[in-house]
Amino acid sequence: MGGRRTVMIGCALVMLMGLFSFPRLLLGSDQTRVKEMIQNNCAGCHRLEGKAESRFNLKAPDLIWAGSKYQRSWLLRYLTGKEAPLYPKGYRWDLSEGPTRHPVVTEDEAQGIAEYFEQHNKDSRVKVGAFDVSKISKFDATFGGMAYKAHACLGCHLIEENGKLIGGPQSISLAASGQRYNMDWLFRFGQNPQDFITHTGEFLADATEPQLRAVIGFLAVQGVKDFKYYEPWTAPEFGMASADRGKVLYKEYCAQCHGFTGKGDGPAASGLEPKPAIHANIPFDKVPTDYLYNVINHGGAAMGKSPNMPYWGLTIGQQGVADVMAYLKATFKGGADVAQATVGGEGPSGVCPQPRKTAKAPADFLSKTSPLPHSDATVQAGKTLFLQTAQPVACAMCHGEKGNGQGFMGAALIPPPRNFTCGSMMKDLPDGQLFWIIKNGSPGTGMMSFAGLPDEQVWQLIAYVRSLAK
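Read left to right, the sequence shown gives residues 1 to 470 (the UniProt record's numbering).
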């Protein structure tokens, strides 16, 4: 242990000496003096050339590829002392000595270092333009966040979620990664981290390229205020959308479940649970464009709905998605009476009581109670979510603006949406059951998962739907 501590103290002393020995008034264009400064003050801890090496043999992160790795604006802030330490427990996690502040240089010195890295420390393996930050959609970032957790990235790296830092502090914090990294480099790093550093806990995920791109998209928005998300439905393909082409695609792909006339009676429907949506009952011109695009392009499971709905984007391409959307909007106008739909004794929408076959929540959920005060403010916040802002889609679109299960999208669902105005039914539903259903969805029904909603918002929704019961 004494030897380990000596290594850390020795490195810290080198960095501290560098802090007082940097030549002042350095001009950013004076690359000879910059090189001297880097060799004399940085190379004591950082490697500037070489190949992948174990962190156990290093003192600080490699700068071999710094010219490709960092965004210049962030690097300048970091070198001038305006950014927090990157490693909550220090770079050498085997020593766990805690975070260490980097020596501070002047603005001119930082400019010179950044320029030197850009000229001399580029990574030839990184393809410029391999990852287009301007094409990150809100769905990409959300899905990437789920993939980030599913592939265990959270085990080592911190991120910010709902205003709190979560995750393991063992490695570099990614809470503001969108300000720090060049995403072309981060995408190449994600393809095989062991190309950059070996055998010190680096994990190679079994992820497809689209999953990796989604994770990088998620990291690209971390710490970036008011990130401008790409909206795929504004792409040129949608300006050339054809309902006639969409009709052909609908017959070839959609009709096998949804039926040739959109009545949910395709040949596959008899074996599916829940039943396919009845498109003929939906006024598609009222369905939010982002929701319609995402459920067709990314599939049911990606939207918290039935995994029986495939992700068609890879099969029919963006032009195909645009054409199918055009066909749906031109063909199906809704107008069916949702209250008439009833299957399997589960009750038509709007009736009271409304028998259901919803699975019972696990005991640890059933015991949950709301931590929020019972107040008008809580109910009003829930009402706003219910009618307008809940994601991936406002609750009212299925459950109706009055909460009676008669929303315009609910007309397509079998069984129909729950009628929250039915007091005799709602009184027997524990808060924990409602919490579990909102977070996880309800298998065998059209109720999607709202897993991305913070717990506080779920409790606000529950307070509001409770207020609707008569």
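Ideal Cβ placement from N, Cα and C applies to all residues, glycine included.
Keep in mind it's a predicted model, so treat the numbers as computed, not measured.
Legend entry - Stretch pair the stretch 288–300 + the stretch 264–275: three plus CB contacts closer than 8 Å: no
Legend entry - Identified DSSP bridge partners for Thr198: Ser54
Legend entry - N- and C-terminal bounds of the beta strand (DSSP E) containing Glu160: 159–161
Inset, instruction - Might you give, ordered along the chain, the residues of its own chain that have their beta carbon closer than 6 Å to the beta carbon of residue 490, omitting 5 neighbours on each side? - result: Nothing in the structure corresponds to residue 490, since the chain is present only between 1 and 470.
Inset, instruction - Taking Ile166 as part of the beta strand (DSSP E), name the residues at either end of that continuous run. - result: 164–166
Inset, instruction - For Lys247, name the three-state secondary structure that DSSP assigns. - result: helix
Inset, instruction - Per DSSP, which residues does Tyr181 bridge with? Please list them. - result: Tyr70
Inset, instruction - Determine the direct distance from the alpha carbon of His298 to that of Tyr311, and round the result to whole angstroms. - result: 4 Å
Legend entry - Buried/exposed call for Lys286, threshold 16 Cβ in 10 Å: exposed
Legend entry - Sequence-distant residues of its chain with Cβ nearer than 8 Å to Leu79 (five each side left out): His102, Val104, Val105, Glu109, Ala110, Ile113, Ala114
Inset, instruction - Kindly indicate which three-state DSSP category Ser134 falls into: helix, strand or coil? - result: helix
Inset, instruction - Name the one or two DSSP bridge partners that Pro283 has. - result: Lys333
Inset, instruction - Check Asp116 in the structure and name its three-state DSSP category. - result: The displayed chain sequence assigns Tyr, not Asp, to residue 116. Tyr116: helix per DSSP, three-state reduction.
Inset, instruction - Can you tell me which of the three DSSP states Leu229 falls into? - result: The question names Leu, yet the displayed sequence has Tyr at residue 229. Correct three-state label for Tyr229: coil.
Inset, instruction - Alpha carbon to alpha carbon, how far is Trp436 from Arg466? Give it in angstroms, no decimals. - result: 15 Å
Legend entry - Rounded C-alpha distance that separates Ser124 from Gln39: 22 Å
Legend entry - Selection from Gln211, Met37, Pro99, Pro353 that minimises the alpha carbon distance to Cys153: Gln211
Inset, instruction - May I have the straight-line CA-CA distance separating Gln354 from Met426, to the nearest angstrom? - result: 10 Å
Inset, instruction - Compute the Euclidean distance between the alpha carbons of Ala130 and Ala175, then round it to the nearest angstrom. - result: 23 Å
Inset, instruction - Give the secondary structure of Asp94 by DSSP, where H, G and I count as helix, E and B as strand, and everything else as coil. - result: coil
Inset, instruction - Give the straight-line distance between the Cα atoms of Trp185 and Ile172, rounded to the nearest whole angstrom. - result: 16 Å
Legend entry - Element boundaries [alpha helix (DSSP H), containing Ser171]: Counting along the chain, Ser171 falls outside any alpha helix (DSSP H), and DSSP gives it neither H nor E.
Legend entry - Separation of Pro454 from Val215, as counted between CA atoms: 20 Å
Legend entry - Proximity below 9 Å, CB of Asn294 to CB of Pro169: no
Legend entry - Straight-line gap, Tyr229 to Ile136 (C-alpha atoms, nearest Å): 6 Å
Legend entry - Short CB-CB distance (under 9 Å) between Asp290 and chain B: This model lacks chain B altogether, as it is built from one protein chain only.
Legend entry - Separation of Asn419 from Glu346, as counted between CA atoms: In this prediction, Glu346 scores a pLDDT of 49, lower than 50, which makes its location untrustworthy; the coordinate-derived value is nonetheless stated afterwards. Rounded to the nearest angstrom, the two C-alpha atoms are 12 Å apart.
Legend entry - Residue burial classification, Asp364 (beta-carbon count within 10 angstroms, cutoff 16): exposed
Inset, instruction - Decide if the stretch 235–252 is in contact with the stretch 389–409; the criterion is three or more beta carbon pairs, one per stretch, under 8 Å apart. - result: no
Inset, instruction - Pick out whichever of Gly67, His199, Thr200, Met183 has its Cα sitting closest to the Cα of Gly217. - result: Met183
Inset, instruction - Find out if the Cβ-Cβ distance for the pair Arg245, Gln318 is shorter than 9 Å. - result: no
Legend entry - Burial state of Ser270, where buried means 16 or more other Cβ atoms lie within 10 Å: exposed
Inset, instruction - Go ahead and pull the three-state DSSP assignment for Trp312. - result: coil
Legend entry - Other residues of its chain near Ala150: CB distance less than 8 Å, five sequence neighbours each side excluded: none
Legend entry - Thr389 versus Ala463: straight-line alpha-carbon distance, rounded: 16 Å
Inset, instruction - Taking Phe260 as the reference, give the member of Ala451, Gly223, Leu328 with the closest Cα. - result: Leu328
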